[in-house]
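Peer 1: First, the structure itself, so that you have it in front of you.
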Amino acid sequence: MTKICCIGAGYVGGPTMAMIAKKCPEIQVTVVDINEQRIAAWLSDHLPIYEPGLAEVVKEALGRNLFFSTEVDRAIEEADIIFVSVNTPTKTFGEGAGCAADLQYWELCARRIRAISTTNKIIVEKSTLPVRTAEAMERVLHSGDNPVHFEVLSNPEFLAEGTAIADLEDPDRVLIGGHDTPSGQAAVRKLVDIYATWLPREKILTTNVWSSELSKLTANAFLAQRVSSINAISALCEATEADVTEVANAIGKDRRIGSKFLRASIGFGGSCFKKDILNLVYICETYGLQEAADYWRQVVLLNDYQEARFVKKMLKEMFNTISGKRIAIFGFAFKANTGDTRESPAIRVCRALAAERAKLVVTDPQAIDNAKLELPELLGEIEFEEDPYKAAEGAHAIALLTEWPEYKELDYEKIYASMDKPAFIFDGRNLLDHKKLFDIGFEVYSIGKELRSHLK
Ligand code: UDX
Ligand code: ADP
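Just so you know, we're using the numbering used here here: the sequence shown kicks off at 32 and counts up by one.
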């Protein structure tokens, strides 16, 4: 029986391993983490992450061939294949601070694997990592006198949060990078066979290790760049009489451009985009490619600009003062259908509004607990409220920051009646029916569209 161990039971490791266990009942999959609470949560009825459809997948395999444990060493020793899905945040110190990936968790894993292993193993990079990490890891794994052979593969994860289960079930492609050596190719075949249990082989791409690593960063950079591109156009739309949704629709019909990922917004968030682009920037700079680095950095700068522009607009439209005004924040997650708040634009927007002394009340269907962790310095000042109607009661404004579909279905007449007047809505996701809101009486500001105001 093939035994898989996955180190890191987070947003990537948990769902991915649950899917492999579901699809391959003959493989034993053990997910380990040093975080005891997280492991306990995976074993409980309240999974540590909210992801539609995940609970069913976990339930099907849990205890059969899917296990969660804190016994990291044992799982490493028993495994034939070890996936490493630990966090790789942006470095906050030293060389490359603010840009390069902090590989301390990864390296600790490599050292542990080296210390524990007594049989040959395939090590799979699942975390997003800078190009050539595999090389560094191979050096760590093969240093010392342990005769065990480690074959390192890159198998980046392309799942998006909120749709992780569908993305794992039917991905556009699976990418596996391995070395062009007999043992490298044998390891690649072994991993291909696992994915081929449920995916057509033509969807499984094999490349060299570096191409695979770089493809992950490039995919995220391109996706983020599309968001920044349409957001740059949204600023222009607001200055002219163009409507960004109409522009996105018109350009998206061009099959070379495509219609997806052209939703103008307050900006992208999530644990990947910013981190991966900054990583790319750092790598370009390391190789002396300053212009290429600057090009990609601009994608992040534009994202910062979009967030700042949103706050400025709120301030300006609300008569240049929001001090003491109650503002309801609809949605704190970085996107809909997840409780994840990492790098969510809501963090910066709330901080900026709080700095203007607004009284914030945050509501979100899944992310309130995480929101509290993101804003420790404001805990005494911000109110958290599960019910959006209560959040909006007595508010001067609603700032919609996450495109939760349920926000579309709310009774805005009722909300309007309960708010202070003039009642503003700032729709940072262009989710709502702006004409209808305007007809109810709201002052409506959206992204890249005309301002609908009764005051002018
Ligand atoms: C992303 C990649 O899509 C995924 O392939 C990779 O594995 C991890 O990073 P994720 O961060 O989960 O996934 O979410 P994604 O759907 O890509 O959205 C990222 C951010 O961009 C969100 O804040 C989202 O709201 C924003 N976005 C996305 C827009 O503002 N407009 C769009 O048109 C699309
Ligand atoms: P991602 O979104 O990439 O999955 P997460 O932060 O959600 O990132 O998950 C990474 C997990 O890896 C965390 O639960 C963390 O506790 C775990 N982790 C980090 N270092 C180690 C380690 N050395 N051994 C085991 N687990 C680790």
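Virtual Cβ for every residue (Gly too), placed ideally from N, Cα, C.
Between ILE360 and LEU406, how many whole angstroms is the CB-CB distance? I'm expecting something under 8 Å.
Peer 2: Taking the sequence shown and counting its residues from 1, one reaches residue 360 at position 329. Taking the sequence shown and counting its residues from 1, one reaches residue 406 at position 375. Contact doesn't hold; Cβ gap of about 11 Å is too wide.
Peer 1: DSSP has LYS361 in a bridge; who is on the other side?
Peer 2: Taking the sequence shown and counting its residues from 1, the one referred to as residue 361 is at position 330. Contrary to the premise, residue 361 reads as Phe rather than Lys in this sequence. Beta-bridge pairing links PHE361 to THR394, LEU431.
Peer 1: Candidates ASN118, THR394, PHE124, SER75: which alpha carbon is nearest SER100's?
Peer 2: Counting from one through the sequence shown, the residue named residue 100 turns up at place 69. For SER100, the closest C-alpha among the options ASN118, THR394, PHE124, SER75 is that of SER75.
Peer 1: Would you mind giving the Cβ-Cβ distance between LYS343 and THR121, rounded to the nearest angstrom? I have them listed as a contact below 8 Å.
Peer 2: The residue you call residue 343 lines up with position 312 of the sequence shown. The residue you call residue 121 lines up with position 90 of the sequence shown. 26 Å between Cβ atoms; not a contact.
Peer 1: Does the region 393-401 come within contact of the region 336-355, defined as at least 3 CB pairs closer than 8 Å?
Peer 2: No, the region 393-401 is not in contact with the region 336-355.
Peer 1: Using 10 angstroms around the beta-carbon of ASP470, count the other beta-carbons present and answer buried if the total reaches 16, otherwise exposed.
Peer 2: What you label residue 470 is simply residue 439 of the sequence shown in a count that begins at 1. The residue in question, ASP470, is exposed, as its Cβ has fewer than 16 Cβ neighbours within 10 Å.
Peer 1: Using DSSP's beta-bridge definition, name the partner residues of TYR476.
Peer 2: The residue given as residue 476 occupies position 445 in the sequence shown. DSSP output for TYR476 lists PHE457 as bridge partner(s).
Peer 1: Assuming VAL2 contacts ALA295 (C-beta within less than 8 Å), just tell me the rounded distance between them.
Peer 2: The question about residue 2 has no answer here: the residues shown for the chain are numbered 32 through 487.
Peer 1: Cβ of TYR336 within 8 Å of Cβ of CYS130?
Peer 2: The residue labelled residue 336 in the question sits at position 305 within the sequence shown. The residue labelled residue 130 in the question sits at position 99 within the sequence shown. CYS130 sits away from TYR336, with the two beta carbons spaced by 8 Å or more.
Peer 1: Heavy atom of the ligand UDX less than 7 Å from the Cβ of LYS366, yes or no?
Peer 2: As a first step, residue 366 is located in the sequence shown; it is residue number 335 there, counting from the start. At least one heavy atom of the ligand UDX is nearer than 7 Å to the Cβ of LYS366, so yes.
Peer 1: I'd like to know whether the C-beta atoms of CYS36 and ILE113 end up nearer to each other than 8 Å.
Peer 2: Position 5 of the sequence shown, counting from 1, holds the residue named residue 36. Position 82 of the sequence shown, counting from 1, holds the residue named residue 113. CYS36 is a Cβ neighbour of ILE113, given a cutoff of 8 Å.
Peer 1: What is the rounded straight-line gap between the Cα of ALA281 and the Cα of GLU166?
Peer 2: As a first step, residue 281 must be located in the sequence shown, where it is residue number 250. As a first step, residue 166 must be located in the sequence shown, where it is residue number 135. Rounded to the nearest angstrom, the two C-alpha atoms are 45 Å apart.
Peer 1: Quick check: LEU293 and ALA279, are their CB atoms within less than 8 Å of each other?
Peer 2: Here residue 293 refers to the residue found at position 262 when the sequence shown is read from its first residue. Here residue 279 refers to the residue found at position 248 when the sequence shown is read from its first residue. Yes. Within cutoff.
Peer 1: Is ARG294 near the ligand UDX - that is, is its Cβ less than 7 Å away from at least one heavy atom of it?
Peer 2: The sequence position of residue 294 within the sequence shown is 263, counting from 1. Because some heavy atom of the ligand UDX lies under 7 Å away, the Cβ of ARG294 counts as near it: yes.
Peer 1: Note down, in chain order, each residue of its chain lying with its Cβ closer than 6 Å to the Cβ of ALA128, except the 5 sequence neighbours on either side.
Peer 2: Walking along the sequence shown from the start, residue 128 turns up at place 97. LYS122.
Peer 1: Could you pull out every unbroken alpha helix (DSSP H) segment of at least 4 residues lying fully inside the region 147-224, listed in chain order?
Peer 2: 164-173, 195-200
Peer 1: Determine the contact status of GLU82 and ILE196, defining contact as a CB-CB distance below 8 Å.
Peer 2: Taking the first residue of the sequence shown as 1, we reach residue 82 at position 51. Taking the first residue of the sequence shown as 1, we reach residue 196 at position 165. GLU82 is a Cβ neighbour of ILE196, given a cutoff of 8 Å.
Peer 1: Under the DSSP definition of a beta bridge, which residues are partnered with LEU236?
Peer 2: Counting from 1 along the sequence shown, the entry for residue 236 is found at position 205. Partner(s): LEU206.
Peer 1: Start and end of the beta strand (DSSP E) containing PHE61?
Peer 2: Here residue 61 refers to the residue found at position 30 of the sequence shown. In the sequence as presented, Phe is not what sits at residue 61; that position holds Thr. Residues 59-63.
Peer 1: Does any heavy atom of the ligand ADP sit closer than 7 Å to the C-beta of GLY39?
Peer 2: To locate residue 39, count along the sequence shown from 1; it is residue 8. Correct: GLY39 has its Cβ closer than 7 Å to the ligand ADP.
Peer 1: State the Cα-Cα distance for the pair GLY215 and THR237, rounded to the nearest angstrom.
Peer 2: As a first step, residue 215 is located in the sequence shown; it is residue number 184 there, counting from the start. As a first step, residue 237 is located in the sequence shown; it is residue number 206 there, counting from the start. Approximately 11 Å, taken between the alpha carbons.
Peer 1: Out of LEU160, ILE153, ASP325, point me to the one whose CA is closest to TRP137's CA.
Peer 2: For the purposes of this step, residue 137 is identified with residue 106 of the sequence shown, where counting begins at 1. Checked all of LEU160, ILE153, ASP325; the closest Cα to TRP137 is LEU160.
Peer 1: Can the beta-carbon of PRO202 be found less than 8 Å from the beta-carbon of LYS234?
Peer 2: The residue you call residue 202 lines up with position 171 of the sequence shown. The residue you call residue 234 lines up with position 203 of the sequence shown. Closer than 8 Å, so yes.
Peer 1: Report the CB separation of ALA40 from LEU85 in whole angstroms; it is logged as a contact under 8 Å.
Peer 2: As a position in the sequence shown, residue 40 is number 9, starting the count at 1. As a position in the sequence shown, residue 85 is number 54, starting the count at 1. Not quite, the Cβ-Cβ distance comes to about 12 Å (not below 8 Å), so this is no contact.
Peer 1: Quick one: what does DSSP say CYS315 is sitting in, helix, strand or coil?
Peer 2: As a first step, residue 315 is located in the sequence shown; it is residue number 284 there, counting from the start. In the structure shown, CYS315 adopts helical secondary structure according to DSSP, grouped into three states.
Peer 1: Threshold first: 4 residues or longer. Then list the alpha helix (DSSP H) segments lying entirely within the region 223-301, N to C.
Peer 2: 240-270, 275-283
Peer 1: Taking buried to mean at least 16 other C-beta atoms within 10 Å of its own C-beta, is ALA146 buried or exposed?
Peer 2: Within the sequence shown, numbered from 1, the residue matching residue 146 stands at position 115. An exposed status is given to ALA146, since fewer than 16 other beta-carbon atoms sit within 10 Å of its beta-carbon.
Peer 1: Is ALA132 near PHE189, with beta carbons less than 8 Å apart?
Peer 2: What you label residue 132 is simply residue 101 of the sequence shown in a count that begins at 1. What you label residue 189 is simply residue 158 of the sequence shown in a count that begins at 1. Not in contact: ALA132 and PHE189 (Cβ atoms no closer than 8 Å).
Peer 1: Per DSSP, which residues does CYS36 bridge with? Please list them.
Peer 2: On the sequence shown, position 5 is the one that residue 36 refers to. Answer is THR61, ILE113.
Peer 1: Consider the C-beta atom of TYR136 and the heavy atoms of the ligand ADP; say whether any pair is separated by less than 7 Å.
Peer 2: Here residue 136 refers to the residue found at position 105 when the sequence shown is read from its first residue. Yes, Cβ of TYR136 sits closer than 7 Å to a heavy atom of the ligand ADP.
Peer 1: State buried or exposed for GLY370, treating a residue as buried only when at least 16 other CB atoms are found within 10 Å of its CB.
Peer 2: Reading the sequence shown from its first residue, position 339 is the one you call residue 370. Label assigned to GLY370: buried.
Peer 1: Would a C-beta distance cut-off of 8 Å place LEU206 and ASN177 closer than the cut-off?
Peer 2: Numbered from 1 along the sequence shown, position 175 holds the residue referred to as residue 206. Numbered from 1 along the sequence shown, position 146 holds the residue referred to as residue 177. Contact flag unset, no.
Peer 1: Verify the contact flag: CYS140, CB atom, against every heavy atom of the ligand ADP, threshold strictly below 7 Å.
Peer 2: The residue given as residue 140 occupies position 109 in the sequence shown. Yes, since a heavy atom of the ligand ADP falls inside the 7 Å radius drawn around the Cβ of CYS140.
Peer 1: What's the C-alpha gap between SER290 and LEU139?
Peer 2: Within the sequence shown, numbered from 1, the residue matching residue 290 stands at position 259. Within the sequence shown, numbered from 1, the residue matching residue 139 stands at position 108. Linking SER290 to LEU139 through their CA atoms gives a straight-line distance of about 42 Å.
Peer 1: For the alpha helix (DSSP H) containing SER100, name the first residue and the last one.
Peer 2: Locating residue 100 in the sequence shown gives position 69, where the first residue counts as 1. Note, SER100: premise wrong, no alpha helix (DSSP H); beta strand (DSSP E) at 97-100.
Peer 1: Heavy atom of the ligand ADP less than 7 Å from the Cβ of VAL240, yes or no?
Peer 2: Here residue 240 refers to the residue found at position 209 of the sequence shown. VAL240: no, Cβ never under 7 Å from the ligand ADP.
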